Ligand code: NAD
């Protein structure tokens with residue numbers, strides 16, 4: 001097993017970083033995980049329950065200094081602009097997503113660090129095969145987010161072959177979680193729907209009926225990052241980045257899953273053309289065989305199991321009185 005000793009996380013106050021930082025501290029010790037973000041959130045466990053420093057990933061010198069000061073051997077680079085926001089600010093997205101990664105890669109090269117950075121199903125495009133999308137296939141995305149993700153995959157491969165930097169990555173599907181709110185992605189509807197189901201028993205979907213996208217519950221995503229980073233490098237034929245998915249559904253199917261627990265739940269549609277266009281350019285369902293074969297990717301949550309966990313945890317968080325029907 002490959003062992004991370006001192007880990008720096010960028011963008012640690014985001015949807016993934018919040019849960020990843022907490023899990024890494026449990027596994028590796030709070031003194032061995034330095035969480036960073038451009039922001040400071042006073043009541044966040046990421047800031048309060050371990051090492052925390054502010055870091056703008058565009059500031060490569062400060063990133064290098066933190067890596068030196070804390071003798072970091074692993075960088076988990078999460079700071080980026082997500083798909084919907086990136087389409088609103090394409091130049092800013094290019095500069096942040098590529099500039100931040102380039103700094104992280106350079107620091108990793110100078111200090112001999114292992115580096116993880118996520119790619120996305122957004123790295124595929126309209127000419128990619130839509131069903132069982134293979135690991136190695138056409139990648140011609142038509143969004144700025146997708147352009148930065150394909151470029152990031154290539155840049156990470158380049159740093160591995162040219163400089164020997166141990167880069168690893170995952171093409172995440174839409175991630176669903178109850179701790180931190182999502183940060184402006186196309187699949188955010190699949191998180192919002194649970195909040196609205198509990199608060200108002202109804203939801204208006206901005207994604208159209210029949211639009212299938214890959215999704216995954218956050219605990220499986222966190223496990224996948226850690227499992228890939230701990231994998232023996234000799235078993236990795238791919239690196240940047242592995243297809244992973246746990247389920248694929250459209251708005252009707254997630255609504256039906258919620259109705260198993262909240263029978264009064266209803267849904268209507270007001271499609272957002274910008275996010276629908278992005279969703280239409282992505283696969284219906286991707287093939288995760290390479291991840292299963294090369295490092296034993298093994299997600300635990302299907303749609304109904306995730307729905308139950310989301311509703312229970314959110315009911316607690318929101319203080320909503322809710323007796324879930326146990327019909328599945
Ligand atoms: P998020 O938007 O929730 O969090 C991003 C964090 O980065 C925020 O806390 C923000 O403050 C921070 N940040 C922004 N600019 C920064 C800067 N200049 N310097 C330092 N920090 C900065 O994002 P997330 O959902 O946690 O996603 C993390 C990574 O995973 C991104 O690369 C994203 O593309 C990828 N990803 C996410 C999903 C998903 O569904 N959440 C799916 C596929 C890929």
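Residue numbers (UniProt numbering): 1 to 328.
All C-beta atoms, glycine included, are put in the ideal place defined by N, C-alpha and C.
All values reported here derive from a predicted model rather than from experimental measurement.
Check: Classification of residue 19 by the beta-carbon crowding that lies within 10 angstroms, buried from 16 upward; Outcome: buried
Check: Cross-strand partners of residue 168 (DSSP beta bridge); Outcome: 116
Check: Close-in-space but distant-in-sequence residues of the same chain around residue 35 (CB under 6 Å, 5 per side omitted); Outcome: 9, 12, 21, 46 and 52
Check: Residue 176 and residue 286 closer than 8 Å at C-beta; Outcome: no
Check: Complete runs of the beta strand (DSSP E) confined to the region 46–127 [at least 3 residues]; Outcome: 51–54, 74–77 and 114–116
Check: Reduced DSSP secondary structure (H/G/I, E/B, other) of residue 202; Outcome: strand
Check: 6 Å Cβ shell around residue 96 - same chain, five flanking residues per side excluded; Outcome: 81
Check: Contact test: residue 37 Cβ vs the ligand NAD heavy atom, cutoff 7 Å; Outcome: yes
Check: Length of the line joining the Cα atoms of residue 271 and residue 192; Outcome: 15 Å
Check: Cα-Cα separation between residue 254 and residue 190, rounded to whole angstroms; Outcome: 8 Å
Check: Bridge partners - residue 247, DSSP secondary structure assignment; Outcome: 215
Check: DSSP beta-bridge partners of residue 144; Outcome: Beta-bridge pairing links residue 144 to no other residue.
Check: 7 Å Cβ shell around residue 235 - same chain, five flanking residues per side excluded; Outcome: 294 and 295
Check: Start and end residues, alpha helix (DSSP H) containing residue 304; Outcome: 303–318
Check: 8 Å Cβ cutoff met for residue 284 and residue 188; Outcome: no
Check: Straight-line gap, residue 70 to residue 219 (C-alpha atoms, nearest Å); Outcome: 27 Å
Check: Beta-carbon gap between residue 222 and residue 23 smaller than 8 Å; Outcome: yes
Check: Opening and closing residue of the alpha helix (DSSP H) in which residue 279 lies; Outcome: 273–280
Check: Nearest-angstrom Cα separation, counted from residue 267 out to residue 166; Outcome: 46 Å
Check: Any non-hydrogen atom of the ligand NAD closer than 7 Å to residue 10 Cβ; Outcome: yes
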